[in-house]
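Under the working numbering, the sequence shown has 193 at position 193, and the numbering climbs by one with no breaks.
Beta carbons: idealized from backbone N, C-alpha and C, even for Gly.
A quick write-up on the structure given underneath.
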Amino acid sequence: ASPRRAHFDLPRTTTLMMMLATTAHARPAAHRAVLAPAARQKGALRGTIAMRAPRCAVGSFAPLGDGRRRAGAVERVRGTSGRGDVRVAASSSSSGDDVVVIPGDYRIGGVLIGVAVLTGPLLHLWTQFLIHGVLGGFLAFQASRVRFRFTRTDLEVVFIEPGADDSAALNVGVDSSGDNKLQGGGENRWAYDSITNWEFWWPGFPCLVYFKETQTKSDGQPHFFPIIMDGKKLYEVMLERMPESVNAKPSPSEWSLDLALEQTSIGRQIKENLNDEQLKQVKDMTGFPGLDK
């Protein structure tokens, strides 16, 4: 049999890089979600003084008497606004009147910039270099300022100053993100009870989030957002606070590279070419080496 010819498939390689880079499990401490109780007044969230609470157990707010810490424990740190304490959750969101801010994430933008470097200076494919570079730079910039904020009743999109701490998103109104002219108009605040469906593409390597609501238009207005924030934290909070999706969603604990590859035909083809040992490694990989802990 003649040896196989080496073949470089750029779209497949790009897709695989994005799948690997966006497969997430638990984010590092620097990218934790910020939570704080807040009162809404005339469409703006104000007052970020948090109620002091006893030390808390993981996944709940029961006192933890033996001093042990487990994944998902809630810590209390001094807020940058100087208005009191801000709660920071390691891997689980709070409930009740608490506000959850999803921190930005630069993976998709960074991967696209990396592909631009590969296709331009190394492969001299300058058209692809320009497309990937511009898109990657734009998404990286948006990741530095766009924040999803979940209140007790609404999903809100707000803007902060690029590079500012995530807690800054607690002190700005939805008017900071302007009028959503590209997706139906109106302010970027949607009540949970107006959302009729939501989807997440894809659990395991989040790239795009979608939801449809009847607040903007009675017959339903769809919204699409690239995952330029902590994808797994966003998924967990949407499961907790938003209405049930039309399609069943896997538990965040099931996220792995194997689940990511199963979401697309390219991923399934990749799995078909792996041996048993490689398939086991794929199933065991629940985070991106060097980024996830």
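Note on the stretch 211-278: whole alpha helix (DSSP H) runs with a minimum of 4 residues are 231-241, 257-262 and 265-272, in chain order. Taking C-alpha positions only, Q183 is separated from G220 by approximately 11 Å. For the pair K271 and L261, the CB atoms are nearer than the 8 Å cut-off. With contact defined as three or more Cβ pairs closer than 8 Å, the stretch 245-259 and the stretch 152-171 are not in contact.
Its chain contains Q183 and F211 as the residues whose beta carbon lies nearer than 6 Å to that of H223, once the 5 sequence neighbours on both sides are disregarded; these appear in chain order. Contact holds between the stretch 107-114 and the stretch 131-144, because three or more Cβ pairs, one in each stretch, are under 8 Å apart. Rounded to the nearest whole angstrom, the CA to CA distance from I227 to G104 is 9 Å. Of the candidates T196, R241 and L208, the residue whose Cα lies closest to the Cα of V99 is R241.
For A191, the enclosing beta strand (DSSP E) has its first and last residue at R189 to A191. Scanning its chain for C-beta atoms nearer than 6 Å, with the 5 sequence neighbours on each side dropped, one finds around S177 the residues V157, V158, F159 and N188, in chain order. Going by DSSP, V115 is part of no beta strand (DSSP E) but of the alpha helix (DSSP H) stretching over R107 to V117. Your pair I108 and L234 does not check out as a contact, with CB atoms roughly 13 Å apart and the cut at 8 Å. Between W198 and C207, the C-beta gap is not smaller than 8 Å, which leaves the two residues out of contact.
Assigned with DSSP and collapsed to three states, F141 falls in helix.
Selection G173, F148, L123 and D179 evaluated against F225 yields F148 as nearest (Cα-Cα).
Scanning its chain for C-beta atoms nearer than 6 Å, with the 5 sequence neighbours on each side dropped, one finds around Y106 the residues A140 and A143, in chain order. CA-CA distance, P162 to F138, rounds to 12 Å. If you look at I195, you'll find it in the beta strand (DSSP E) that goes I195 to W201.
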